[in-house]
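Just so we're aligned: the sequence shown equals residues 1 to 360 in UniProt numbering.
All residues carry an ideal CB built from backbone N, CA and C; glycine is no exception.
Computed from a predicted structure; not experimentally measured.
Read the structure below first, then the notes.
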Amino acid sequence: MPHVLSKDGTSIFFNVYGHDRNAHGSPTPRALLIMGFAASHITWAPQLAGLLSEGCLVCLDNRGVGASDAPQHPSAYSTTLMAEDCMAVLEALGWDSVHVVGHSMGAMVAAKLAAAWPHATASLTLISGTGGGWQAIPLSFRSLWLGLQLWMASSVAKRAALDVKFHYSPRTLKQKDARADVSRHELLLEEYLAAASQGDGSQPAHGMTGQLQAVWRHSLSKKECRAIRGAGMPCLVIHGRDDIVAAPRHGAKLARRLRAPFLLLDGAHFVFREQATVVNGVLQNLLQGASFVQAAAASAPGSQTHVPTAALVAELEAWRVQQGRGPKERHAGVSSVASSADSLLHPRHVSSAQACVALL
C-alpha cells in the first residue's frame, strides 16, 4: 500500500485512481479528495465511481484514521498539519497543481492547503464545511439527542443506526431504493455494518480525540482568506440544507468570507453522497475548466453568494450536451429530494471498500 512520510514523520496512506494521461497522451485533470472527521478515503466511493473517467484522483486517509499513522499525542493533530500531509502526498506524486475537494474536517484541511499553497490549487471545493471551533459543534435538539443516544449505544448495530441518522436526511432514509424493495436506510445500515466487520476505516480512540482537537482548534484567518481570494482560483462551497452536524449558516458564512458561490442542496451532512449526481456533475465541470458555477452565482438575483439550483442544473445540462455527453435523465434533489439510482452505493452488490478496489 502506498504511504508517504509527512514533515513530522507521520506515515500517510494514499491511493491513486484513474490515469494521468488520456488516450492521446495528454495530461488529464488531477484532483485531491480530503475526507472528514473519523472517516477514511473509502467514504469517497460515489465520487470515485463518478469521476474516474474525468482524470486522475488521489485520496488519502487523514492522520488518525484508516491506514495512516495515528500519533498518540493530541498536539500532533491540526488542520495545518493535515494540509502538510496532503502536500507530502502531492510532492511524492510530483503533482504541481491539483483540484482540491474537502468534506467537513476535510474542507478545513482543504482551505488551509489552498491558503498555504495557492499555486498548487487549481480549484477549491468545500463541502459541509465550517469555520471550526463552536461552529463545528452540533447544537440543535435533534443532534444533541442523537449524540446522547450514540454515546450510550451498546452495540455496533445501534451505533451504525444512529450514525446513519446523523449523516443523512430523514427524507433520503425513507426512500425506496430503485433496485431493491427496501429503504435506503436499510441499505446504508448494511453498508456501515459491512465496513465495520471488514475493519475498513478503523480509528483508535486517540486518533478520534486528536481529530476532534484539530476541528476544535481550526480557524481560517483573514490573511488566509485573502490568500485564497487573491489567487483567483475557482472556489465553491456546497452544503446540505438538512445538515445537523455542520449548520448551513456556517457554510454560508464561509462562502461569504471567501467570496465564493454557495450551493445549498437537499440533503444532510453527507450531501456529497445523497446528491452524488449533482455534486459529481459540478466537480466534472470544474475538472474540465468550465465556469458555469460562477456564472450561475453571478446571475442570482439579490445575492452575491447563493447559487440558484435550477439555474445551476440548467447550465450543467447545457454543458453536458455541448460536451457530447447527453443530458442526465434526472438530477437528485433538484426540485425535490428524489434521488437517482446512482446517488448512493448499492451495498447488496458491492461494499464501499470493494467498490474502490474495483476501480483500480
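A distance below 8 Å separates the beta carbons of Gln-288 and Pro-29. DSSP, reduced to helix, strand and coil, places Arg-21 within a strand of the structure shown.
In this structure, Leu-220 and Leu-263 do not form a Cβ contact; the two beta carbons are roughly 19 Å apart against a cut-off of 8 Å.
The DSSP assignment places complete alpha helix (DSSP H) segments of no fewer than 4 residues inside the stretch 51 to 132 at 79 to 93, 105 to 116, in order along the chain. Taking a contact as a CB-CB distance under 8 Å, the pair His-218 and Ala-246 does not count as one, their CB atoms being some 12 Å apart.
Counted as a single uninterrupted DSSP element, the stretch harbouring Ala-178 is not any beta strand (DSSP E), since DSSP gives it neither H nor E.
Rounded to the nearest angstrom, the gap between the Cα atoms of Gly-25 and Ala-83 is 31 Å. The count of Cβ pairs closer than 8 Å, one atom from the stretch 173 to 186 and one from the stretch 42 to 54, stays below three, leaving the stretches out of contact.
Residue environment for Glu-91: exposed (fewer than 16 other C-beta atoms within 10 angstroms of its C-beta). Contact between the stretch 96 to 114 and the stretch 122 to 140 is present: three or more C-beta pairs spanning the two stretches fall below 8 Å.
Taking each of Glu-224, Leu-212, Gly-240, Ala-107 in turn and checking the Cα distance to Phe-166, the smallest one comes out for Gly-240. For a cut-off of 8 Å, the C-beta gap from Leu-286 to Ser-143 is around 31 Å, too long to register as a contact.
The closest CA to that of Ile-244, considering only Ala-120, Lys-158, His-73, Tyr-168, is found on Tyr-168. By the neighbour-count criterion, in which a residue is buried when 16 or more other Cβ atoms sit within 10 angstroms of its Cβ, Arg-226 is exposed.
If you look at His-3, you'll find it in the beta strand (DSSP E) that goes 3 to 5. As computed with DSSP, Cys-235 is found in a beta bridge with Leu-124. In the three-state reduction of the DSSP assignment, Leu-220 falls in the coil class. Shown here, Pro-261 sits in coil according to DSSP, grouped into three states, outside any helix or strand. Looking at the backbone, the Cα of Ser-97 and that of Ser-155 are separated by about 44 Å. A Cβ-Cβ contact shorter than 8 Å links Gly-66 with Ser-40. Inter-residue distance for Val-271 and Thr-277 is about 10 Å (C-alpha atoms, whole angstroms). For Phe-272, the secondary structure class from DSSP, reduced to helix, strand or coil, is helix.
Val-4 is the residue among Arg-21, Tyr-192, Ala-116, Val-4 whose C-alpha sits nearest the C-alpha of Asp-61.
If the five residues before and after Leu-173 are omitted, its C-beta is found closer than 8 Å to the C-beta atoms of Val-164, Lys-165, Ser-183, Arg-184, His-185, Leu-188, all from its own chain and listed in chain order. Judged by DSSP secondary structure, Arg-241 falls outside any alpha helix (DSSP H); it is assigned neither H nor E.
Ala-31 is bridged by DSSP to Leu-57, His-99.
Around the C-beta of Gln-72, fewer than 16 other C-beta atoms lie within 10 Å, and the residue is accordingly described as exposed.
For the pair Cys-59 and Asn-15, the CB atoms are nearer than the 8 Å cut-off. Taking 8 Å as the cut-off, the Cβ atoms of Pro-170 and Ala-70 do not count as close.
Secondary structure note for Gly-147: its alpha helix (DSSP H) is the uninterrupted segment 141 to 152. Close CB contacts of Leu-162 within its chain, under the 7 Å cut and outside five residues either way in sequence, are with Leu-146, Gln-149, Leu-150, Ala-153 (chain order). Within the model, the alpha-carbon separation for Arg-259 versus Ala-157 is close to 42 Å. Taking the Cα of Leu-254 as reference, the smallest distance to any Cα among Arg-273, Asp-242, Ile-238, Gly-94 is reached at Ile-238. Distance from the CA atom of Glu-54 to the CA atom of Gly-207, rounded to whole angstroms, is 33 Å.
With a beta-carbon spacing of about 11 Å, Leu-52 and Trp-44 fall beyond the 8 Å limit used to define contacts. Residue state for Val-156 is assigned as helix, using DSSP reduced to three classes.
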